[in-house]
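Asks: Numbering (the working numbering) for the sequence shown: 1 to 594.
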Amino acid sequence: MKAKKGVLLFLTLIVLTIMLASLAIAQEPETEIDKAYSCLEENLADNCGNTRSTKQAAFNLLASSYSSSLQSDCKDSLIDKIKDDCWGETDTGSCNIKSTALATLALENVQTSVDDYTDYLLSKRIKNTGLTWYLQIDSNNKTTCDINGKEIILEDNKKISGSPPPGLIKSYDNYWFEVKDLEKNYTISCNNDFITALLYQKPNSNTFHVSSNTNSASEFDEIVEKVDSYCFSTSNKCDYEGSLWASLTLAKLGEDTSQYLPYIISMSQETENKQFLPSAFLYILTSSDDYYNELVSLQKSNNYWDESRNKFYDTALALLALSDVSSDEAERAKRYLLSNQRSDGCWQSDTSFLLHAGWPKNTASSPGVSISNCEDFGHYCVSIGNCDLEESLDNFYCPSSSEVCCEVENIAPTCSEKSGIICSLDQFCNGDEVPSSDSSSCCIGDCLDLDVEPECEQEGYICKSSCTDNEEEKTTYSNSCEFGDVCCAKLPQTSGGFNIWLIILLIILIILIILAIVFRNQLKVWYFKRKSGYKSKKTGKPPTNPSQGLMPMPIGRPFLQPSISPNRKPTRRRPSSIDKEFDDTMKKLRDMSK
Numbered sequence: 001m002k003a004k005k006g007v008l009l010f011l012t013l014i015v016l017t018i019m020l021a022s023l024a025i026a027q028e029p030e031t032e033i034d035k036a037y038s039c040l041e042e043n044l045a046d047n048c049g050n051t052r053s054t055k056q057a058a059f060n061l062l063a064s065s066y067s068s069s070l071q072s073d074c075k076d077s078l079i080d081k082i083k084d085d086c087w088g089e090t091d092t093g094s095c096n097i098k099s100t101a102l103a104t105l106a107l108e109n110v111q112t113s114v115d116d117y118t119d120y121l122l123s124k125r126i127k128n129t130g131l132t133w134y135l136q137i138d139s140n141n142k143t144t145c146d147i148n149g150k151e152i153i154l155e156d157n158k159k160i161s162g163s164p165p166p167g168l169i170k171s172y173d174n175y176w177f178e179v180k181d182l183e184k185n186y187t188i189s190c191n192n193d194f195i196t197a198l199l200y201q202k203p204n205s206n207t208f209h210v211s212s213n214t215n216s217a218s219e220f221d222e223i224v225e226k227v228d229s230y231c232f233s234t235s236n237k238c239d240y241e242g243s244l245w246a247s248l249t250l251a252k253l254g255e256d257t258s259q260y261l262p263y264i265i266s267m268s269q270e271t272e273n274k275q276f277l278p279s280a281f282l283y284i285l286t287s288s289d290d291y292y293n294e295l296v297s298l299q300k301s302n303n304y305w306d307e308s309r310n311k312f313y314d315t316a317l318a319l320l321a322l323s324d325v326s327s328d329e330a331e332r333a334k335r336y337l338l339s340n341q342r343s344d345g346c347w348q349s350d351t352s353f354l355l356h357a358g359w360p361k362n363t364a365s366s367p368g369v370s371i372s373n374c375e376d377f378g379h380y381c382v383s384i385g386n387c388d389l390e391e392s393l394d395n396f397y398c399p400s401s402s403e404v405c406c407e408v409e410n411i412a413p414t415c416s417e418k419s420g421i422i423c424s425l426d427q428f429c430n431g432d433e434v435p436s437s438d439s440s441s442c443c444i445g446d447c448l449d450l451d452v453e454p455e456c457e458q459e460g461y462i463c464k465s466s467c468t469d470n471e472e473e474k475t476t477y478s479n480s481c482e483f484g485d486v487c488c489a490k491l492p493q494t495s496g497g498f499n500i501w502l503i504i505l506l507i508i509l510i511i512l513i514i515l516a517i518v519f520r521n522q523l524k525v526w527y528f529k530r531k532s533g534y535k536s537k538k539t540g541k542p543p544t545n546p547s548q549g550l551m552p553m554p555i556g557r558p559f560l561q562p563s564i565s566p567n568r569k570p571t572r573r574r575p576s577s578i579d580k581e582f583d584d585t586m587k588k589l590r591d592m593s594k
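What follows is the structure, given as structure tokens:
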């Protein structure tokens with residue numbers, strides 16, 4: 001009977017343990033992204049964070065545009081900082097290109113008219129970018145050409161003879177013309193089929209860049225060439241970071257930005273400009289695999305970007321550039337960010353930019369403003385560089401600042417169309433990996449057999465698709481795992497919290513109860529010893545006669561304990577050896593305690 005009660009108690013405790021464990025995990029914690037948006041809302045309150053910074057106000061508006069009330073507060077905060085159709089770094093600072101571009105980008109996102117601000121940016125273009133420009137003319141045969149009324153001859157060896165027109169001088173050992181007058185148009189006609197191209201070179205460099213357009217014409221037809229290259233500045237010296245943000249903003253507005261690319265591309269490798277992460281802007285504007293490779297190569301081993309000594313800002317900029325592609329680097333960066341939030345869900349002062357770049361929300365309609373979502377009308381939100389200018393639709397909304405609404409769907413080339421191959425799981429790419437329509441890792445190079453154990457597993461961890469609740473990701477080694485896998489390690493056992501300690505305590509109690517049930521007879525003996533004060537005695541001389549006054553026990557008359565019933569044999573079952581041992585022990589104890 002007692003055994004049945006013990007089993008019943010054991011089962012009850014098991015059920016209780018399961019219920020408590022369920023309660024401990026029943027409530028799902030607020031997701032990290034929701035937590036970040038909650039932190040943003042708390043920080044913005046009813047005055048857009050009361051920030052004096054134009055950049056911060058612009059990012060706040062981009063991130064909070066999903067809420068009509070927050071949108072209104074941040075829009076007012078940004079408008080309050082305007083002066084003469086432009087913005088400075090703060091509400092009292094002088095106007096600059098970057099601040100004006102960011103404010104314009106944020107206001108355009110909430111469907112506010114930005115024509116005046118766009119005109120301001122366009123008025124700050126300058127042609128003196130510091131680049132040297134060249135004109136090249138080529139034909140298969142010796143050809144006579146006319147350039148602005150001046151005749152020149154293109155010899156069989158491709159060298160130029162004759163006098164060039166004003167604005168051009170022969171250069172590069174007479175193979176090209178150097179363009180000295182950047183404002184002039186140069187009209188070219190030849191007596192054979194011919195092609196023309198403009199090339200440019202930055203100061204103190206041996207590298208020549210070919211402009212995006214190469215023109216061709218039949219004999220006696222005309223081609224008009226003109227250097228159409230600008231940078232942005234509020235002085236007579238180009239502002240590189242301002243030019244990056246102005247180009248992105250104008251591209252988002254549907255403007256042609258090809259004339260800004262020569263300056264941005266040629267100056268991107270200058271040491272003082274690398275901090276601005278130009279490859280992110282160039283990938284947004286061109287969708288070129290070259291800039292994709294450059295951008296992902298800059299990702300640190302801990303899966304963030306950090307060129308400007310502000311890893312959250314740089315990572316947000318990289319995520320903005322990679323938002324239109326399926327990128328393993330972007331996913332790793334997001335996992336890093338979500339594992340490095342503050343306890344309140346924010347990331348220092350960069351929360352708004354990170355949310356807009358990595359997890360943007362659709363803009364809410366405001367009074368008098370209706371939002372026409374691009375994809376609701378059967379169109380496509382694609383990266384700026386993937387939509388031809390004539391197919392871009394200005395009046396439709398896309399949530400990301402790196403995307404425009406395109407009339408036709410962008411069909412990305414397959415890996416084979418990019419002259420690449422898709423490596424198998426037991427191979428690695430010895431070359432560059434670029435995204436394609438059929439793979440996020442199209443190898444432009446060779447696939448080699450993978451015969452080296454991942455660094456993650458060399459360190460005693462394990463590569464798997466995702467870590468469990470009792471594991472943590474070792475981001476330092478995740479890059480050594482196969483595509484899509486992360487490096488996981490067991491969590492330390494010291495960080496449990498109240499609920500886990502309660503469960504551990506219950507488990508210990510259950511174990512003690514089980515032991516008590518199994519060794520119940522021994523516990524009874526122990527308890528009897530404690531209650532009777534019994535102590536084991538050493539063997540030796542037999543006890544002496546009792547003191548006087550005590551009656552000697554009659555010989556042959558057994559002593560009976562009145563409170564204990566005489567032993568009787570059980571009638572239904574044979575006594576177990578444990579019960580017999582227990583009875584013998586109890587009898588001896590009674591005799592010895594007499």
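Cβ atoms here follow ideal geometry from the backbone N, Cα and C, with glycine treated the same way. The model shown is predicted, which means the values in this text are computed figures rather than measured ones.
I think residue 386 touches residue 287, with their Cβ atoms under 8 Å apart; what is that distance to the nearest whole Å?
Replies: 5 Å
Asks: Pair every Cβ in the segment 109 to 122 with every Cβ in the segment 217 to 229, then say whether three or more of these pairs are closer than 8 Å.
Replies: no
Asks: On the three-state DSSP scale, how would you describe residue 220?
Replies: coil
Asks: Could you tell me the distance, in whole angstroms, from the CA atom of residue 502 to the CA atom of residue 509?
Replies: 11 Å
Asks: Of all the options 142, 243 and 264, which has the alpha carbon lying nearest to the alpha carbon of residue 202?
Replies: 264
Asks: Just to confirm, is the Cβ distance from residue 434 to residue 464 under 8 Å?
Replies: no
Asks: Using the C-alpha atoms, what's the distance from residue 505 back to residue 516?
Replies: 16 Å
Asks: Taking the beta carbon of residue 599 as the centre, do at least 16 other beta carbons fall within 10 Å, making it buried, or is it exposed?
Replies: In this structure the chain extends from 1 to 594, so residue 599 is not present and cannot be described.
Asks: Please work out which residues of its chain come closer than 7 Å, Cβ to Cβ, to residue 241, disregarding the five sequence neighbours upstream and downstream, and give them in chain order.
Replies: 98 and 276
Asks: Under the rule that 16 or more other beta-carbon atoms within 10 Å means buried, what is residue 597, buried or exposed?
Replies: Any property of residue 597 remains undetermined from this structure, which presents the chain solely from 1 to 594.
Asks: Please state whether DSSP places residue 454 in a helix, a strand or coil.
Replies: coil
Asks: Bridge partners for residue 209 per DSSP, in chain order?
Replies: Partner residues in the beta bridge of residue 209, as assigned by DSSP, are 200.
Asks: In the DSSP assignment, what residue or residues form a beta bridge with residue 179?
Replies: Residue 179 has 133 and 168 as its beta-bridge partners, per DSSP.
Asks: What is the rounded straight-line gap between the Cα of residue 474 and the Cα of residue 349?
Replies: Roughly 26 Å separates the two Cα atoms.
Asks: Which partner residues of residue 489 appear in the DSSP bridge assignment?
Replies: 472
Asks: For the beta strand (DSSP E) that residue 334 lies in, which residues bound it at each end?
Replies: Run containing residue 334: none in the beta strand (DSSP E); it sits in the alpha helix (DSSP H), 328 to 338.
Asks: With C-beta atoms as the reference, is residue 364 less than 8 Å away from residue 71?
Replies: yes
Asks: Within its chain, find whatever has a CB closer than 7 Å to the CB of residue 471; leave out the 5 residues flanking it on each side and keep chain order.
Replies: 488, 489, 490 and 491
Asks: Give the single residue among 111, 259 and 110 whose Cα lies nearest to the Cα of residue 182.
Replies: 259
Asks: Would the segment 129 to 144 count as touching the segment 189 to 206 if we require 3 or more Cβ pairs under 8 Å?
Replies: yes
Asks: Take the Cβ of residue 566 as the centre, count every other Cβ of all protein chains shown within 10 Å, and call the residue buried at 16 or more, exposed below.
Replies: Confidence is the limiting factor: at residue 566 the pLDDT is only 44, short of 50, which leaves the residue's position unreliable and the question unanswerable from this model.
Asks: Return the chain-ordered list of same chain residues with a C-beta closer than 7 Å to the C-beta of residue 543, the five sequence neighbours on each side being excluded.
Replies: In this prediction, residue 543 has a pLDDT of 49, which is less than 50 and means its spatial position is unreliable; what the coordinates show is noted afterwards. Result list for residue 543: empty, nothing under 7 Å.
Asks: Any chance you could list the beta strand (DSSP E) runs of at least 3 consecutive residues sitting entirely within the segment 136 to 162, in chain order?
Replies: Here the runs fully enclosed are 143 to 147 and 150 to 154.
Asks: In the segment 62 to 117, which residue ranges form an unbroken alpha helix (DSSP H) of at least 4 residues, counting only runs that do not cross its ends?
Replies: When DSSP assignments are scanned along the segment 62 to 117, the uninterrupted stretches of alpha helix (DSSP H) that are 4 or more residues long and fall wholly within it turn out to be 68 to 79 and 97 to 109.
Asks: State the Cα-Cα distance for the pair residue 146 and residue 208, rounded to the nearest angstrom.
Replies: Between the alpha carbons of residue 146 and residue 208 lies a distance of about 25 Å.
Asks: Tell me whether residue 425 sits in a helix, a strand or coil according to DSSP, three-state version.
Replies: coil
Asks: Can you give the beta carbon distance from residue 402 to residue 418, rounded, assuming they're within the 8 Å contact cut?
Replies: That belief does not hold up - the Cβ atoms of residue 402 and residue 418 are roughly 21 Å apart, past 8 Å.
Asks: Distance check for residue 524 and residue 31, CA to CA, integer angstroms please.
Replies: 54 Å
Asks: How far does the beta strand (DSSP E) with residue 127 in it reach, from first residue to last?
Replies: Premise fails: residue 127 is in no beta strand (DSSP E) and is neither H nor E.
Asks: Tell me whether the beta-carbon of residue 58 lies closer than 8 Å to the beta-carbon of residue 78.
Replies: Contact flag set, yes.
Asks: So for residue 253, helix, strand or coil by DSSP?
Replies: coil
Asks: Between the alpha carbons of residue 250 and residue 90, how many angstroms are there, rounded?
Replies: 22 Å
Asks: Among residues of its own chain, excluding the 5 on either side of residue 303, which ones have a beta-carbon nearer than 6 Å to its beta-carbon?
Replies: These residues qualify, in order along the chain: 332, 333, 336 and 475.
Asks: Out of 193, 400, 346 and 376, which one is the CA nearest neighbour of residue 598?
Replies: Given a span of 1 to 594 for the chain in the structure shown, any question on residue 598 remains unanswerable.
Asks: Have a look at the DSSP bridge pairing and note the partners of residue 39.
Replies: Residue 39 is not bridged to any residue.
Asks: Go to residue 296, then tell me how far its alpha helix (DSSP H) extends in each direction, as first and last residue.
Replies: It spans 289 to 297 - the alpha helix (DSSP H) in which residue 296 sits, taken as one unbroken run.
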